[in-house]
Amino acid sequence: MKLLKTTAAAALLAAAGAASADSIVGSFGDSSLRLTATANVTLTTDYVFRGVSFSNNKPAIQGGFDLDLGNGVYLGTWGSSINLDASDDDGGDAGLELDIYGGWTGTYNSFGVDIGFIHYHFSGAEKLNTNEVYVGISQGPFTVTQYMGVAGNSDTTGGRDFGNYTHGSVDLGSLARWIPSAGPIGVVANLGWTNGYEGIDDYYDWKLAFTRSLLGLDVELAYTGTDQKEQGFKNDDDKLVLSVSKSL
0 MKLLKTTAAA ALLAAAGAAS ADSIVGSFGD SSLRLTATAN VTLTTDYVFR GVSFSNNKPA
60 IQGGFDLDLG NGVYLGTWGS SINLDASDDD GGDAGLELDI YGGWTGTYNS FGVDIGFIHY
120 HFSGAEKLNT NEVYVGISQG PFTVTQYMGV AGNSDTTGGR DFGNYTHGSV DLGSLARWIP
180 SAGPIGVVAN LGWTNGYEGI DDYYDWKLAF TRSLLGLDVE LAYTGTDQKE QGFKNDDDKL
240 VLSVSKSL
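Reminder that position 221 of the sequence shown reads as 220 in numbering that gives the first Met the number 0, one-by-one numbering, no gaps.
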């Protein structure tokens, strides 16, 4: 899902100076009311969600569209090609993930705050559909977000529940702090913990991402994995993932 990738974008800003997506801004009579729309597209060698490949260790194409409604309120949608070999109980195989989300982001004292709701839809395996609410807190280079599963697929029995997920990230800044010859390469470390996932033991996942802005593109090379193998998930092995993104 797209929201977990925001810290990588922050690392690009720290490493490369300033970067911003093209946006569409409109005024509606009142100059204080401004609607900003942005879009993004990504090609990746593997779509990894919380340490697990959702594309069966194959490349994926992804894209999203976001609306900033002002005063910290936002809406968005994000999609990815996937290749989930769901069990018979889950009703079939999924070929497309489409997420719809909205929330509010702002500040409280010196802390950044992000509160919102996500609906996950899996075309071809609708019994995987589920929802989460999330609360994120950030301070300097540190961000912690708690995702909490809420009512899953209400149209069928036995709907999948992602449980709860705690995600932390640290923007380590430019790699040149340690290797002067490295150039403008950003580094972001991520750690997540999944608990309460239906039929799956609690587990940790991690991701160490190296990011750079190159020829107008955002490039990320990441090492990702989990602490449990073959314990109910498929494709949860450690791996390197290369992603190339463009903001529009």
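All C-beta atoms, glycine included, are put in the ideal place defined by N, C-alpha and C.
Terminal residues of the beta strand (DSSP E) in which residue i lies
i	result
G102	A93 to Y107
W192	G185 to N194
D182	Note that residue 182 is Gly in the sequence shown here, rather than Asp. Segment: none, G182 is in no beta strand (DSSP E) and carries neither H nor E.
A59	A59 to G69
F53	No beta strand (DSSP E) contains F53, which DSSP labels as neither H nor E.
I81	V72 to L83
L247	Per DSSP, L247 belongs to no beta strand (DSSP E) and is neither H nor E.
Residue i to residue j span [Cα, whole Å]
i	j	result
A20	L214	At A20, the pLDDT of 40 sits below 50, so the modelled position is not reliable; the number obtained from the coordinates is stated separately. Computed Cα separation, rounded: 14 angstroms.
G111	T210	23 angstroms
D67	L34	6 angstroms
T104	D65	14 angstroms
Y146	G101	14 angstroms
S242	V149	30 angstroms
W205	G224	6 angstroms
D29	N70	Note that D29 has pLDDT 49, beneath the 50 cutoff, so the model's placement of it is unreliable and the number below is only indicative. Each residue's alpha carbon lies about 14 angstroms from the other.
L216	D226	32 angstroms
K4	L239	Note that K4 has pLDDT 40, beneath the 50 cutoff, so the model's placement of it is unreliable and no number is given.
L171	P140	7 angstroms
S277	D236	No answer is possible for residue 277: it lies beyond the span of the chain, which begins at 0 and ends at 247.
T37	S246	7 angstroms
Inter-residue CB distance, residue i and residue j (contact presumed, cutoff 8 angstroms)
i	j	result
G185	N163	That belief does not hold up - the Cβ atoms of G185 and N163 are roughly 29 angstroms apart, past 8 angstroms.
S256	S54	Outside the displayed range of the chain (0 to 247) lies residue 256, so it cannot be described from this structure.
Y51	N189	One detail in the question is off: residue 51 reads as Val in this sequence, not Tyr. With 8 angstroms as the limit, V51 and N189 do not qualify as a contact, their Cβ atoms being about 14 angstroms apart.
T76	I99	5 angstroms
N39	G63	5 angstroms
Residues bridged to residue i (per DSSP)
i	result
E131	I117 and G148
Q227	Answer is none; Q227 lacks a bridge partner.
W248	Any answer about residue 248 is impossible in this case: the structure gives the chain only from 0 up to 247.
Y164	Y146 and T193
N39	G63 and S246
K238	T223
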